[in-house]
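In our numbering, the protein residues as written are 1 to 132.
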């Protein structure tokens with residue numbers, strides 16, 4: 001794993017992680033200016049899936065506990081707010097406070113069966129590798 005990949009991950013995570021409610025904000029302005037996008041403060045499923053994959057890859061490749069900590073922090077957040085314990089699947093779109101948008105949406109023209117199953121398969125394989 002390159003130092004550049006670590007820098008990109010750390011910069012994106014630290015800049016985008018919502019320190020008040022947890023989770024990754026959908027958009028932030030690189031210069032700290034007000035975001036142009038209306039949905040900037042929403043939490044979407046797919047960036048969280050990508051954090052789970054990349055943080056575990058970084059932990060696997062560097063052995064640095066900070067990436068395992070970020071994996072667990074993201075995993076705990078996702079299980080708390082994205083995962084629907086009653087009916088399964090993940091909500092696709094959350095408000096900043098972690099509550100689903102109304103009406104709640106688990107699928108749309110953008111939220112198809114790609115990011116979540118891909119994340120589950122990749123994380124499962126990496127955990128299997130790490131525990132051997």
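Idealized CB from N, CA, C, for every residue including glycine.
Own chain, CB closer than 6 angstroms to residue i, minus 5 neighbours either side, in chain order
| i | result |
| --- | --- |
| residue 16 | 24, 25, 28 |
| residue 67 | 55, 58, 59 |
Close beta carbons around residue i, own chain, < 7 angstroms, minus the five adjacent residues each side
| i | result |
| --- | --- |
| residue 75 | 52 |
| residue 115 | 45, 46, 49 |
| residue 71 | 52, 55, 56, 59 |
| residue 122 | 53 |
Identity of the residue in the options nearest residue i by Cα
| i | options | result |
| --- | --- | --- |
| residue 81 | 42, 67, 118 | 42 |
| residue 109 | 125, 120, 117, 92 | 92 |
| residue 78 | 65, 22, 107 | 22 |
| residue 73 | 18, 113, 38, 107 | 18 |
| residue 62 | 3, 84, 122 | 3 |
| residue 10 | 131, 107, 69, 96 | 69 |
Nonlocal neighbours in the same chain, by C-beta distance under 8 angstroms from residue i, ignoring five residues either side
| i | result |
| --- | --- |
| residue 105 | 91, 92, 93, 111 |
In DSSP terms, what residue i is bridged to
| i | result |
| --- | --- |
| residue 43 | 94 |
| residue 17 | 24 |
| residue 100 | 94 |
Three or more C-beta pairs below 8 angstroms linking the segment 28-38 and the segment 98-112: Under the 8 angstroms Cβ criterion, the segment 28-38 does not count as touching the segment 98-112, having fewer than three qualifying pairs.
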